[in-house]
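In what follows, a single structure is set out as structure tokens and then discussed.
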Amino acid sequence: MFDRPGSGERAILIHVDINEECQRENLGEFRELAASAGAITITEFTSSRQSPDAKLFIGKGKAEEIQNYIKANDIDLALFNHALSPSQERNLEAIFKCRVLDRTGLILDIFAQRARSFEGKLQVELAQLKHLSTRLIRGWTHLERQKGGIGLRGPGETQLETDRRLLAQRIKQINRRLDKVRSQREQGRQSRKKAEVPTVALVGYTNAGKSTLFNTLTTADVYAQDQLFATLDPTFRRLELDDASTIILADTVGFIRHLPHDLVNAFKSTLQETQEADLLLHVIDAADDNRLHNIEQVDQVLEEIGAEDVPQIQVMNKIDMLDLDPWIDRDDEGDVKRIWISAEKDLGLDELKQVLLEKFRQDLVKGELCLSPAQSRTRALLFGLGAVKAERIDDKGNSWLQLSVSRRDLNQLASRERLEIDSLLPHKSLAGAEHHP
2 MFDRPGSGER AILIHVDINE ECQRENLGEF RELAASAGAI TITEFTSSRQ
52 SPDAKLFIGK GKAEEIQNYI KANDIDLALF NHALSPSQER NLEAIFKCRV
102 LDRTGLILDI FAQRARSFEG KLQVELAQLK HLSTRLIRGW THLERQKGGI
152 GLRGPGETQL ETDRRLLAQR IKQINRRLDK VRSQREQGRQ SRKKAEVPTV
202 ALVGYTNAGK STLFNTLTTA DVYAQDQLFA TLDPTFRRLE LDDASTIILA
252 DTVGFIRHLP HDLVNAFKST LQETQEADLL LHVIDAADDN RLHNIEQVDQ
302 VLEEIGAEDV PQIQVMNKID MLDLDPWIDR DDEGDVKRIW ISAEKDLGLD
352 ELKQVLLEKF RQDLVKGELC LSPAQSRTRA LLFGLGAVKA ERIDDKGNSW
402 LQLSVSRRDL NQLASRERLE IDSLLPHKSL AGAEHHP
């Protein structure tokens, strides 16, 4: 057997055109995945098969051809654009004498590089360990491969049992830590619900431009690059639509075809932000020839995480690459179904804000409210809401506040502070408001 090298970046890409639709993959996307992982692609091998070979996935002849190339060109890593079984990986490594990584392992590696937050790192490690647990034996090439019965147990078997136990312990430890983080995330989610601030989640295929749109709308500084899975950790920012309407905008992880199931499970708490959003903005790369296929893949993941019933508006991004102007598609009832924009060139973003305002518009109440000196807490809360546009103090020390506030915020404040307000009409003085201690 061979010793697996600690690292390797000189890679070959292996892609097989499978007639079965469920196993068909995109070669261009595979190249981007390899580049995102930091691999230096030396060459590509492609072939066609009716169905995968049970032992090697590729045919024996193709495996020998690749073996000769690897030996002659000092290749470190063979990347497969397909999900391989543990036995297929072992068999291929035995032939190639180099590391073999399938599509799932490649995506997990990219996630491990991109994760920044404590929760994100834990989620990725959990997915990696679950993936590794099915392949544990292949990582110990210095040990005996035979899993013996009576009289056949050797040091390899003992080592493997130890490794499995340590792996299981680490998985339990990570799950306990994630439970605490999920509890904290749930508290934040409940706080947003209590505040009744609508949440809008950006979803879409990876590299569709979600983070660029998020940064442009909120003037945030979320990492955004032209690469797959640039963003893993969800980010939240308040977005003021007008004087009375505010939403929480959430940037989430991008989706991809055949997203590893362990990753979907590990990121369940993160993806729950999508499930519990009031609206999904499905960001789509309008210039991508595979956009219809990508839309289908995103919808499949949304269904898998239970977010298929959340209202959705498609945001066709990157129209600058198509020389198109911004516009809004509406259905027969006048509801917005699709909006065409360019986040990078700031085209159509005012229209997008108007669409959001239309969706979440709140009644704006304007008027004047009189508060006694004893109601300083209420006064402070109104200032905290940004509802006070002007203030004057009369001879008795009463505060006369010129307000511009949403009906929802006003009703909440009136209930909490026991304010009796008959009406708040524009330009009307409301000196009769009473406070009951």
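Using the working numbering, the first residue of the sequence shown is number 2, and each one after it goes up by one.
Yeah, the Cβ is synthetic: ideal placement off N, Cα and C, and Gly gets one too.
These figures come from a predicted structure and were not determined experimentally.
request  = Could you have a look at Thr47 and say whether DSSP puts it in helix, strand or coil?
outcome  = Note: Thr47 maps to strand in three-state DSSP.
ask   = Going straight from the alpha carbon of Arg166 to that of Leu240, what length do you get?
value = Take the alpha-carbon of Arg166 and the one of Leu240: they are about 48 Å apart.
query = If we count Cβ pairs, one from each stretch, closer than 8 Å, do we get three or more for the region 279-298 versus the region 201-208?
reply = yes
task = Quick one: using the 10 Å Cβ neighbour count with 16 as the cut-off for buried, is Asp347 buried or exposed?
result = With fewer than 16 other CB atoms across the displayed protein chains lying within 10 angstroms of its CB, Asp347 is exposed.
ask   = What is the rounded straight-line gap between the Cα of Gln129 and the Cα of Asp310?
value = 30 Å
Every unbroken beta strand (DSSP E) within the region 28-116, with a cutoff of 3 residues, ordered by chain = 41-50, 78-81 and 100-102
task = Would you mind sorting Ser52 into buried or exposed? The rule is 16 or more other CB atoms within 10 Å of its CB.
result = exposed
inquiry  = Assuming the contact rule is C-beta atoms closer than 8 Å, Val201 and Leu282 should be a hit. Round their C-beta distance to whole Å, please.
reply    = 6 Å
key: Check whether Thr105 and Pro261 have beta carbons under 8 Å apart   = In terms of Cβ geometry, Thr105 and Pro261 form a close pair [threshold 8 Å].
Simplified DSSP state of Glu345, which is helix, strand or coil = It is coil, neither helix nor strand.
ask   = Got a sec? Which residues, its chain only, sit under 8 Å from Ile1 by beta carbon, not counting five neighbours each side?
value = With the chain covering 2 to 438 only, the question about residue 1 has no answer from this structure.
ask   = Does the distance from the CB of Leu80 to the CB of Ala113 come in under 8 Å?
value = no
message = Would you call the region 90-97 in contact with the region 244-259, where contact means no fewer than 3 C-beta pairs closer than 8 Å?
response = no
C-alpha gap between Gly39 and Leu102, whole angstroms = 14 Å
task = For the beta strand (DSSP E) holding Glu352, just list the boundary residues, first then last.
result = It is not in any beta strand (DSSP E) - Glu352 instead sits in the alpha helix (DSSP H) that spans Leu350 to Phe361.
ask   = Pick from Ser405, Glu26, Phe97 and Leu133: whose alpha carbon is nearest that of Asn367?
value = Per the sequence shown, residue 367 should be read as Lys rather than Asn. Residue Ser405 is the option with its Cα nearest to Lys367.
key: For Thr47 and Gly210, the rounded distance between their alpha carbons   = 30 Å
key: Opposing strand residues paired with Thr247 [DSSP bridges]   = In the DSSP output, where bridge partners are listed per residue, Thr247 has Glu241.
key: Where Ala278 falls: helix, strand or coil (DSSP)   = Residue state, collapsed to three classes: coil.
ask   = From which residue to which residue does the beta strand (DSSP E) around Gln315 run?
value = Gln313 to Asn318
request  = Return helix, strand or coil for Asp321, following the three-state DSSP convention.
outcome  = Three-state result, Asp321: helix.
ask   = Whose C-beta lies closer than 7 Å to the C-beta of Glu274 among residues of the same chain, with five residues either side of it excluded?
value = Ala202, Pro235, Ala251 and Thr253
task = Using the Cα positions of Ala12 and Tyr70, report the straight-line distance between them to the nearest angstrom.
result = 11 Å
key: Where the alpha helix (DSSP H) through Lys381 begins and ends   = One detail in the question is off: residue 381 reads as Ala in this sequence, not Lys. Annotation for Ala381: the continuous alpha helix (DSSP H) segment containing it runs Ser377 to Gly385.
task = Could you work out which residue in Thr219, Lys98, Gln185 and Asn20 is closest to Asp54 when comparing CA atoms only?
result = Residue Asn20 is the option with its Cα nearest to Asp54.
task = Check whether the Cβ atoms of Leu402 and Leu372 sit closer than 8 Å, and answer yes or no.
result = yes
key: Inter-residue spacing [alpha-carbon to alpha-carbon] between Asn399 and Gln413   = If you take the alpha carbons of Asn399 and Gln413, they lie about 22 Å apart.
query = Would DSSP call Val265 helix, strand or coil?
reply = helix
query = Got a sec, what are the start and stop residues for the alpha helix (DSSP H) Lys211 sits in?
reply = Lys211 to Thr219
query = According to DSSP, which residues form a beta bridge with Phe256?
reply = Tyr206
query = For Leu272 versus Ile296, is the C-beta distance shorter than 8 Å?
reply = no
ask   = By how many angstroms is the C-alpha of Phe31 removed from the C-alpha of Cys99?
value = 20 Å
message = Can you give me the C-alpha to C-alpha distance between Val265 and Gln170, rounded to a whole angstrom?
response = 21 Å
inquiry  = Taking the beta carbon of His1 as the centre, do at least 16 other beta carbons fall within 10 Å, making it buried, or is it exposed?
reply    = The first residue shown for the chain is 2 and the last is 438, placing residue 1 beyond what the model contains.
ask   = Which class does Lys173 belong to by DSSP, given the choice of helix, strand or coil?
value = helix
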